[in-house]
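*Asks:* So the working numbering is basically just the index in the sequence shown, starting at one, shifted up by 25. Note that beta-carbon positions come from the ideal geometry of N, C-alpha and C, so glycine has one too. Predicted, not measured: the structure shown is a model, and the values here were computed from it. Below you will find the structure I want to go over with you.
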Amino acid sequence: MEEKPGQDRIPDTPLFDRKRSLGGYRINKMAMGLSRPENREAFKQDESTYLDRFGLTPEEKEAVMTRNWREMVRLGGNLFFILKISAVDPVRITEIGAHQAGMEHDDFLRNRLGKKV
C-alpha cells in the first residue's frame, strides 16, 4: 500500500507532522499563553473570550471547550502545549491518553501501560 504525504500511518492515531503542526498554530499559541497566571485566570473567567483572542476557528474552539484532546491533536495541537490546559482544570496525562485512544481510563492503564488496576 502506497502512503500519501500527510496520511496517518498508525490506525486511530493522528500523527503530529509538519502539515498538522502548521494547522495547529492558533491552538498551540493559545495553550502556550496558559503558562502565565493572568492568562489562566482569564481562561477560567471566560473561556470563549480567551479563545477568541487567538482567533480559534469554531472547530478548534469546540475541541478546546469540550476538552476533546484527540480532536485538539487532530487539529494540530501539540501535546506539550495543550497539556497546559491541565494547569487550569487538572487532569492526569493518562486520562488524556485514554481519551485520545478512545478507551476507558482503567483499560488504557491496563492495556497500553501494563499497569494493574
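With DSSP run on the structure shown, which of helix, strand or coil describes P115?
*Replies:* Note: P115 maps to coil in three-state DSSP.
*Asks:* Exposed or buried, what is E85 when buried is set at 16 or more other beta-carbons lying within 10 Å of its beta-carbon?
*Replies:* buried
*Asks:* Contact between the segment 70-78 and the segment 116-131: three or more CB pairs below 8 Å?
*Replies:* Fewer than three beta-carbon pairs drawn from the segment 70-78 and the segment 116-131 are found closer than 8 Å, and the two stretches are therefore not classed as touching.
*Asks:* Does the separation of the CB atoms of V113 and F79 fall below 8 Å?
*Replies:* No, these two residues do not count as a Cβ contact at 8 Å.
*Asks:* With a CB to CB cut of under 6 Å and the five nearest residues on each side skipped, what residues in its chain are close to R45?
*Replies:* G101
*Asks:* Identify whether K141 lies in helix, strand or coil by the three-state DSSP scheme.
*Replies:* Note: K141 maps to coil in three-state DSSP.
*Asks:* By Cβ distance, which residues of its chain are closer than 8 Å to Y50, with the 5 residues on each side in sequence left out?
*Replies:* G101
*Asks:* Whose C-alpha, out of D77, V89, N93, is nearest the C-alpha of A126?
*Replies:* N93
*Asks:* Using CA coordinates, which residue listed in E96, S111, R117, E129 is at the minimum distance from G48?
*Replies:* E96
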